[in-house]
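Residue numbers (this note's numbering): 1077 to 1391.
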Amino acid sequence: MAMHCFEGMLESTSVDIGLTLGSGQVFRWGRDVDGWWKGIAYGVVVHLRQMGDQIQYRASSERVATYCGEMAIDDFLRWYLRLDHMPRIRVPREDTYLRRARDLLKGLQFVRQDPFECIISYVLSVQAHMSLTKKRIGFLARTLGERRVFEGETYWTFPGADALSELDSGFYRRHRFGWRSERVAETAQFIAGAVRGGADLDTWRCISDDLHALSGSGVGIKVARCIDLFSLDRLYAVPVDTWVRKFAREWYGVTGSDAKICRWGEARWGKWAGYCNEYLFAYYRELYGPTLYDRVLSFNASDEASAVMPFEEQV
DNA sequence: GGCCAGGCGCGAC
DNA sequence: GTCGCGCATGGC
């Protein structure tokens, strides 16, 4: 059961691992007390540590299957962390907030999340604190995912669409997912039906767009933009959440519906609007919300498996 | 104990 | 197309 460790080094002149993995875009990464960032993505356990311009890695597999095909682990990590892509964001001279935010958060990159995991995660995140969302995602992984033991710690992969689609909304209700229950169940089933035989990036984009158009999926404008930005290479997307509403109003005098703020941001910043919005979002939250230090709790990979498995109904 | 969370969906206009 | 409101749950 214990897995071999594949190690190596990656060049990274522009990406900051802590800013990236601690930004809140991913739910299954954490920083351990030993200084390593630990997580599981695409079914592979990965440990990362930044050492200046280099990133040291340890991984549980040397091959990784993605929607872009199978990759060697170092190619995968360069792709996943988007190490070769850090666009130079041009800031209008008068936009002092964005300039400050960009200078402070230079190195925050968008990870290429697994689209299915990203969709389910953000459907679950609706009107819930990140800590609770993380718990729910972790619960799904422990009950339906595959067990991976790496370096003495237990991890669980995120379940596939076929596994998740076996659950009905009653299961989620019983496990106190609230009104997200019907939406997660419907969405998982929709995706399971749509990805038979695999899906590439274009297919995932169509699936996400369809879910957004489909009422009851739980994919509204905000969740759709998160999926776009964090897993579908649509780096122009501007997700509008409670923090974005605040900085839009207080710093730019923009008010109104989320859709209106979204259009404003995407029109204002153009091609790389996702970066601009994320810099401002993270900067504002750092000033007025929980800081990065507060949010990055010590890592706990080895949560006990749930005593109640989904198909062992205990009433 | 009240307020809020990386909002969505539905029914009125 | 846009606005207002109800919604389950748990953290703080």
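Cβ atoms here follow ideal geometry from the backbone N, Cα and C, with glycine treated the same way.
Do you know offhand how far residue i's Cα is from residue j's?
i     : j     : result
L1305 : V1122 : 22 Å
T1209 : L1200 : 6 Å
A1204 : R1310 : 24 Å
V1120 : L1287 : 27 Å
I1116 : Q1101 : 14 Å
V1260 : Y1359 : 31 Å
G1228 : A1078 : 8 Å
K1114 : D1334 : 34 Å
C1194 : W1280 : 11 Å
E1170 : A1324 : 16 Å
C1302 : Y1198 : 7 Å
F1215 : A1264 : 16 Å
S1136 : G1221 : 16 Å
A1148 : T1331 : 47 Å
D1392 : S1099 : Here the chain comprises residues numbered 1077 to 1391, so residue 1392 is not present and cannot be evaluated.
F1357 : R1218 : 31 Å
S1257 : T1172 : 43 Å
D1244 : M1127 : 45 Å
R1321 : I1297 : 14 Å
I1267 : V1091 : 32 Å
Y1118 : I1165 : 29 Å
L1174 : L1363 : 14 Å
I1337 : D1108 : 37 Å
F1226 : W1232 : 11 Å
G1236 : R1188 : 17 Å
W1345 : A1289 : 25 Å
T1230 : G1329 : 48 Å
V1384 : E1262 : Residue placement at V1384 cannot be trusted, given a pLDDT of 43 that sits under 50; the coordinates are not used to answer.
Indicate the three-state DSSP secondary structure (helix, strand or coil) for residue i in the structure shown.
i     : result
R1134 : strand
R1139 : strand
E1145 : At residue 1145 the sequence reads Gly, which differs from the Glu that was named. Correct three-state label for G1145: strand.
R1256 : helix
M1085 : strand
M1206 : helix
A1275 : coil
G1296 : coil
L1308 : coil
Q1265 : helix
A1177 : helix
K1322 : helix
H1288 : helix
I1196 : helix
G1329 : coil
G1350 : helix
L1159 : coil
S1090 : coil
G1183 : coil
T1096 : helix
Under the DSSP definition of a beta bridge, which residues are partnered with residue i?
i     : result
W1393 : A question about residue 1393 goes unanswered here, because the residues of the chain that appear run from 1077 up to 1391.
I1116 : V1121
Q1126 : I1131
G1106 : K1114
A1343 : DSSP output for A1343 lists no bridge partner at all.
A1078 : V1225
I think residue i touches residue j, with their Cβ atoms under 8 Å apart; what is that distance to the nearest whole Å?
i     : j     : result
E1434 : R1139 : Nothing can be reported for residue 1434, as the shown portion of the chain is limited to 1077 through 1391.
Y1143 : L1277 : 6 Å
L1368 : P1191 : Actually they are not in contact, since the Cβ atoms of L1368 and P1191 sit about 26 Å apart, beyond 8 Å.
R1125 : W1105 : Their Cβ separation, rounded to whole angstroms, is 13 Å, which puts R1125 and W1105 out of contact at 8 Å.
D1129 : S1088 : 6 Å
A1283 : F1103 : Here the sequence assigns Ile to residue 1283, which means Ala is not the residue at that position. At roughly 20 Å, the Cβ-Cβ gap does not stay under 8 Å, so I1283 and F1103 are not in contact.
W1319 : R1361 : 5 Å
W1348 : P1163 : 5 Å
V1202 : G1292 : That belief does not hold up - the Cβ atoms of V1202 and G1292 are roughly 13 Å apart, past 8 Å.
M1206 : Q1132 : Actually they are not in contact, since the Cβ atoms of M1206 and Q1132 sit about 27 Å apart, beyond 8 Å.
Query raised in the report: Taking contact to mean at least 3 C-beta pairs separated by less than 8 Å, is the region 1273–1286 in contact with the region 1248–1264?
Result: no
Requested in this report: Specify whether the region 1348–1367 and the region 1311–1322 touch according to this definition: at least 3 beta carbon pairs, one from each stretch, less than 8 Å apart.
Outcome: yes
Query - Contact between the region 1326–1341 and the region 1148–1159 (3+ Cβ pairs under 8 Å) - result: no
Requested in this report: Please confirm if the region 1177–1187 is in contact with the region 1083–1098, defined as three or more CB-CB distances below 8 Å between the two stretches.
Outcome: yes
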